Amino acid sequence: MIGRITGVLLHKQPPQLLVDVQGVGYELEAPMSTFYQLPADGERVMLHTHLVVREDAQLLYGFYSETERSLFRSLIRINGVGPKLALTILSGVSADEFSRCIMENDAKSLTALPGVGKKTAERLIVELRDKIDTGASLPAAAAPAGVTAAPTNPVSDAVSALIALGYKAQEASRMVRNIETDGMPTEAIIKAALQGAVASA
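Below you can see the structure in the form of structure tokens.
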């Protein structure tokens, strides 16, 4: 099991990133809550990881915090919630907001996330209610502390990332069109689009 990697961040295109560890490039997938806190390309980064081994692939998932990885692991233990849906949940709502939804039985907000139907939302609430520590401050999806170089086309990259997270192409385009994107980097556009989707639920 690969539990943590430390190396140089070579490339990031939500939900995928590439980290060089002593000459070996590790491809990972990560939730947007992690992307918001990543350094610029070329800088060192440390990520907590979770390895999923399937018959046809070995998939590595990266997380900025241990708490974030623990929540991911709790999610994928629930029937009907795979790694992709778990990433979508962590990307579409902050850990604090997710905890609030669980504790307040707010299935409506959870169903605003792509791939989360009413039955799945109810299952999440029932199975995770006793596992959420209301006294702990979970990591919110904070904006990046530093300014990173903007991609060539941040709007197009944001739409592609939303599609990869489970939104339909037309829905992803609509979510981005509703935002004033001038001068915004990809991660900021994605964050605003996801926040808008949850707020309109």
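Every number in this note's numbering is 911 more than the matching position in the sequence shown, counting from 1.
Cβ coordinates follow ideal geometry from the N, Cα and C atoms, glycine included.
Note that the structure is a prediction, hence the values are computed from the model and not measured.
Quiz item: Who are the near neighbours of G918 in its chain, counting only those whose CB is closer than 6 Å to its CB and skipping five residues on each side?
Solution: Excluding sequence neighbours, G918 sits near V930, D931 and V932.
Quiz item: What did DSSP end up calling L1024 once you bin it into helix, strand or coil?
Solution: Here L1024 carries a coil assignment [DSSP, helix/strand/coil].
Quiz item: If we call anything under 9 Å between Cβ atoms a contact, is L971 one with T960?
Solution: Yes, these two residues count as a Cβ contact at 9 Å.
Quiz item: From R984 to L958, what does the alpha carbon distance come to, in whole angstroms?
Solution: Distance between R984 and L958, taken at the CA atoms: about 15 Å.
Quiz item: Would P1135 pass as a contact of E1091 if the rule is Cβ separation under 9 Å?
Solution: The structure shown does not extend to residue 1135, since the chain spans only 912 to 1112, so no value can be given for it.
Quiz item: Helix, strand or coil: which one does DSSP assign to D1068?
Solution: Under the three-state reduction of DSSP, D1068 is assigned to helix.
Quiz item: Opposite Q969 in the DSSP bridges: which residues?
Solution: Under DSSP, the beta-bridge partners assigned to Q969 are V964.
Quiz item: With contact counted as at least three CB pairs below 8 Å, one residue from each stretch, are the segment 998-1011 and the segment 1063-1079 in contact?
Solution: Touching, per the Cβ criterion.
Practice problem: Can you give me the start and stop residues for the alpha helix (DSSP H) that D1007 sits inside? | Solution: Per DSSP, D1007 belongs to the alpha helix (DSSP H) from A1006 to M1014.
Self-check item: Contact set for G901: own chain, Cβ-Cβ below 6 Å, skip 5 residues either direction
Solution: Nothing about residue 901 can be reported from this structure: the residues present for the chain run from 912 to 1112 only.
Exercise. Taking only the alpha-carbon atoms, compute the straight-line gap between M1095 and M1086 and give it to the nearest angstrom.
Key: Taken atom to atom, the span from the alpha-carbon of M1095 to that of M1086 is near 15 Å.
Quiz prompt | Own chain partners of K1042 with C-beta closer than 8 Å, once the 5 adjacent residues on each side are dropped | solution = Taken in chain order, the residues that qualify are S985.
Quiz item: By how many angstroms is the C-alpha of F974 removed from the C-alpha of R980?
Solution: Approximately 6 Å between the Cα atoms of the pair.
Practice problem: To the nearest angstrom, report how far apart I1101 and D1007 are at their CA atoms. | Solution: Computed Cα separation, rounded: 19 Å.
Quiz item: For A1103, which residues from the same chain have a beta carbon less than 6 Å from its beta carbon, with the 5 sequence-adjacent residues on both sides left out?
Solution: Same-chain partners within the cutoff: I1090.
Practice problem: Go ahead and pull the three-state DSSP assignment for L1073. | Solution: Here L1073 sits in helix by DSSP.
Practice problem: Count the other CB atoms, across all protein chains shown, that sit within 10 Å of the CB of I1013; report buried if there are 16 or more and exposed otherwise. | Solution: Classification of I1013: buried, given that the 10 Å Cβ count is 16 or more.
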